[in-house]
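Numbering-wise (my numbering), the sequence shown opens with residue 158 and increments by one.
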Amino acid sequence: MVLLHMKRSDLEQFLFDTTVEASVKETVAVLSRVNNLRQRLMRLKLEGEELAKYGPAKQPDKQGIDEYQEDKVEKGTHYMQDPTGRRTGNACSPEVAKVLLKTLEDGVALGHKSQVERKVALTERMLLDAVDNVRGAVMICYPMGLPEWDLVRGSLEGAEDLSETQFAAEEMDPATAQLWFAGKQMLPEKQLKDYVGRHEKSKVVVKLTGKGGGAPSREPAVDAETQKAMMSFYHKKQEEQKKLAENEDDSYSSAAWASGSSLKAHFSGVRSVRLPH
Numbered sequence: 158m159v160l161l162h163m164k165r166s167d168l169e170q171f172l173f174d175t176t177v178e179a180s181v182k183e184t185v186a187v188l189s190r191v192n193n194l195r196q197r198l199m200r201l202k203l204e205g206e207e208l209a210k211y212g213p214a215k216q217p218d219k220q221g222i223d224e225y226q227e228d229k230v231e232k233g234t235h236y237m238q239d240p241t242g243r244r245t246g247n248a249c250s251p252e253v254a255k256v257l258l259k260t261l262e263d264g265v266a267l268g269h270k271s272q273v274e275r276k277v278a279l280t281e282r283m284l285l286d287a288v289d290n291v292r293g294a295v296m297i298c299y300p301m302g303l304p305e306w307d308l309v310r311g312s313l314e315g316a317e318d319l320s321e322t323q324f325a326a327e328e329m330d331p332a333t334a335q336l337w338f339a340g341k342q343m344l345p346e347k348q349l350k351d352y353v354g355r356h357e358k359s360k361v362v363v364k365l366t367g368k369g370g371g372a373p374s375r376e377p378a379v380d381a382e383t384q385k386a387m388m389s390f391y392h393k394k395q396e397e398q399k400k401l402a403e404n405e406d407d408s409y410s411s412a413a414w415a416s417g418s419s420l421k422a423h424f425s426g427v428r429s430v431r432l433p434h
């Protein structure tokens, strides 16, 4: 199996196992889905944490901070006012909320960039299972279900509208996304082996972009940590050279006490004579 290191940025990266016999089109589609599932889990964590703390979302036309509402606010046992006014404040019990929060954290950790360092390759099934785990935790917290306008429900059902949001740029369309290797676009009708060779036990860095996104930037010759270490070493060497230059200063040689004939002049009683101008 060839190991693909899909890297869009320092934060957005993951490993994926496949074969060099796989078509580029098939690989682009599955990498896009894996990328989208990672993003989905991160969005679930953002909204899920709010859900655990402040309860289900209010109807869009009824949103507003509770203390300023004209109508009476229904407050449950674990009520906590949402400072943004987006949620009802009627949260689940703290004990159950902890289960939801832990499940959300585990889901994000599964697709975190640190998995690259651990050499853990991701699969669709792995990430879909994490979404299912979040779904189960939400059902435990709110067995009555969430309203259709709650973003957590939309994400769990795959019915999110990400247009005009900051998350839209992170989503990849499996049908139109483009895959790049060594600065060149990998054509859909080709196979991976046409670009990365026939050796199955290799690891290559690939990049995924949206349709018409153009060629992604090339990888730097050295990573950020190595560059930082090199700059630190260079600065240290500069300081050492500066100290050596100061130690080699010979300006003292023109001083009277450094003259080779000063001792003889002292005992003979002769000093340097200056003629009047």
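All residues carry an ideal CB built from backbone N, CA and C; glycine is no exception. Predicted model, so just to flag it, every value in this text is computed and none were measured.
In the same chain as residue 285, and ignoring 5 residues on each side of it, the C-beta atoms closer than 8 Å to its own belong to 194, in chain order. Between residue 160 and residue 235, the alpha-carbon positions lie close to 48 Å from each other. Between the alpha carbons of residue 210 and residue 272 lies a distance of about 29 Å. With 16 or more neighbouring CB atoms inside 10 Å of its own CB, residue 264 falls in the buried class.
When C-beta atoms of the segment 305–325 are compared with those of the segment 213–230, three or more pairs fall below 8 Å, so the two segments count as touching.
Taking a 10 Å sphere around the C-beta of residue 245, we find 16 or more other C-beta atoms and assign the residue as buried.
Going by beta carbons, residue 343 and residue 365 fall outside the 8 Å limit. Take residue 345, set aside five residues on each side of it, and the residues of its chain with a beta-carbon closer than 8 Å to its own are 180, 181, 182, 185, in chain order.
With a threshold of 16 other beta carbon atoms within 10 Å, residue 163 meets it and is buried.
Going by DSSP, residue 216 is part of no alpha helix (DSSP H) at all; its letter is neither H nor E. Annotation for residue 312: 197, 200, 201, 204 place their beta carbon closer than 8 Å to its own, counting only its chain and skipping 5 residues before and after. Straight-line measurement puts the Cα of residue 267 at about 17 Å from the Cα of residue 256. Under DSSP, residue 334 forms no beta bridge with any residue. Non-local C-beta neighbours of residue 230 in its own chain, meaning closer than 7 Å and more than five positions away in sequence, comprise 223, ordered along the chain. Annotated three-state conformation of residue 309 is helix, per DSSP.
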